[in-house]
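Inspection log for the structure reproduced underneath, given as structure tokens.
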Amino acid sequence: MFPNMRRWDEEENFPVDTMRKAAQLGFGGIYVREDVGGSGLTRLDTSVIFEALATGCVSTTAYISIHNMCGWMVDEFGTEEQRASIIPQLCTMERLSSYCLTEPSAGSDAANLMTTATRKGDHYILNGSKAFISGAGSSGLYLVMCRTGGPGPKGISCLLVDGDTPGLTLGGKEKKVGWNSQPTHIVNFEDSPVPVTNLLGEEGQGFNIAMRGLNGGRINIASCSLGAAWSSIELTMQHLKDRVAFGKPLASQQYLQFKLAEMCTDLVASRLMIRQAAHSLDIAAPNHVSLCSMAKLFATDKCFDVCNAALQMHGGYGYLKDYPVQQYMRDCRVHQILEGTNEIMRLLIARDVLS
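Each residue of the sequence shown is one higher than the last, beginning at 1 in my numbering.
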């Protein structure tokens, strides 16, 4: 992916063919069960994979991670009929998927979402809008959290909505700072009919399904930040060796040596924290939610700082698009916002430790 990373960013090209090649290696359903075409690997394995892939392109890897999260949700909560009919195409990425929780007026306050699904015979009639939807327009499957009951989280359900559903329309393509190799749109539903058989899990279970998905999603996105930081450090080390100032390589400057040491330490600390959280998710440890939140908070903050410092150490060259270090910084900035903002991570951690 790395040779194409800049072009995908500048042209805002969604590299579907490349992702399908990745799926041939098993990366379309990494932690989906093998009986429906998944690779059957662990969350710990997945973290290692996404870190490595993100060194080639953070934005593209991040979409693959979202797609994997959607596949797991169907695998974990779907009926056998849903698993058999939907997941094989997700694993090959012949059918792409999007996670639809956030709304224009409900981001961190997701439990108060406004999108409704009203039962009418053997269909739900879906009305509302979802914001910041990765892959929208290319996805053949949307996992939509919607209100089928009363207020609050217990009134939320999850519907599996086909991409060609009547009444499904897109807002304009968002112009973003980073993540430009994947499209982002508002997705609108106007009297969209969804078969009752497309309910994932049970009515009222949608918020729990969404949060369960996000536990792994936080590990995935933090692992993408690892890849960005790792590549940024490698690029910086080479620049410090090559760039001469005041008659000697920058690598001989003690301040820059110390800064590089701190960056490497932050990367390794982030990696260890993510791996521990991923393992806690694999074994369903009692504190896995808190550990996933801690890892996402710490790693995405520290890895962005590493990428930003790497740009600074490149001087003016780091601000040029000819140098990939700026793209790693731009692409991983949003990781502090999505899959639950880092402010919400602090809230979740505090609630857990105080309980």
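From the three backbone atoms N, C-alpha and C, an ideal C-beta is built for every residue, glycine too.
Item                                                                                                                              : Value
Anticipated Cβ contact below 8 Å, residue 134 with residue 31, distance rounded                                                   : Their Cβ separation, rounded to whole angstroms, is 19 Å, which puts residue 134 and residue 31 out of contact at 8 Å.
Start and end residues, alpha helix (DSSP H) containing residue 128                                                               : Unbroken run through residue 128 is the beta strand (DSSP E), 123–134; no alpha helix (DSSP H).
Sheet register partners of residue 99 (DSSP bridge)                                                                               : 143
Buried versus exposed, by CB contacts within 10 Å (16 or more), residue 51                                                        : buried
Classification of residue 320 by the beta-carbon crowding that lies within 10 angstroms, buried from 16 upward                    : exposed
Reference residue 57; option with closest CA among 68, 330, 339, 288                                                              : 330
Residue 137 beta carbon less than 8 Å from that of residue 185                                                                    : yes
Residue 39 in three-state terms, based on DSSP                                                                                    : coil
Proximity test, Cβ basis, 8 Å: residue 308 and chain B                                                                            : Looking at the structure shown, chain B is missing, and only one protein chain is on hand.
Inter-residue spacing [alpha-carbon to alpha-carbon] between residue 291 and residue 283                                          : 13 Å
Simplified DSSP state of residue 185, which is helix, strand or coil                                                              : strand
Beta-carbon proximity list for residue 324, same chain, < 6 Å, skipping 5 on both sides                                           : none
Cα-Cα separation between residue 9 and residue 178, rounded to whole angstroms                                                    : 8 Å
Residue 263 versus 236, 16, 245, 76, residue with shortest Cα-Cα distance                                                         : 236
C-alpha distance - residue 98 paired with residue 65, whole-angstrom precision                                                    : 11 Å
With 16 other Cβ atoms within 10 Å as the buried cut-off, status of residue 328                                                   : buried
Span of the alpha helix (DSSP H) around residue 169                                                                               : Not the alpha helix (DSSP H): residue 169 falls in the beta strand (DSSP E), residues 168–170.
C-alpha gap between residue 96 and residue 61, whole angstroms                                                                    : 14 Å
Where residue 255 falls, given that 16 or more other Cβ within 10 Å makes a residue buried                                        : exposed
Residue from 221, 259, 257 whose Cα sits closest to the Cα of residue 379                                                         : Because the chain is modelled from 1 through 355, residue 379 falls outside the range shown and cannot be assessed.
Residue 219 versus residue 53 - alpha carbon distance                                                                             : 14 Å
Secondary structure of residue 158, DSSP reduced to three states                                                                  : strand
Extent of the continuous beta strand (DSSP E) run through residue 106                                                             : Note, residue 106: premise wrong, no beta strand (DSSP E); not H, not E.
Cross-strand partners of residue 192 (DSSP beta bridge)                                                                           : 126
Residue 116 - containing beta strand (DSSP E), residue span                                                                       : 116–120
Sequence-distant residues of its chain with Cβ nearer than 6 Å to residue 206 (five each side left out)                           : 145, 156, 157, 158
Length-filtered (4 minimum) alpha helix (DSSP H) runs lying within the region 188–270                                             : 206–242
DSSP three-state assignment for residue 93, whether helix, strand or coil                                                         : coil
Cα-Cα separation between residue 121 and residue 94, rounded to whole angstroms                                                   : 31 Å
Chain-order list of residues whose beta-carbon lies under 7 Å from that of residue 106 (same chain, five-residue window excluded) : 112, 113, 114
Where residue 31 falls: helix, strand or coil (DSSP)                                                                              : coil
Contact set for residue 332: own chain, Cβ-Cβ below 8 Å, skip 5 residues either direction                                         : 58, 178, 224, 225, 228, 229, 300, 303, 304, 307
Endpoints, the alpha helix (DSSP H) within which residue 304 is located                                                           : 288–313
Start and end residues, alpha helix (DSSP H) containing residue 21                                                                : 16–24
Selected residue, minimal CA-CA separation from residue 151, among 116, 125, 172, 168                                             : 116
Outcome for residue 340 when other beta-carbon atoms lying within 10 angstroms are tallied against a minimum of 16                : buried
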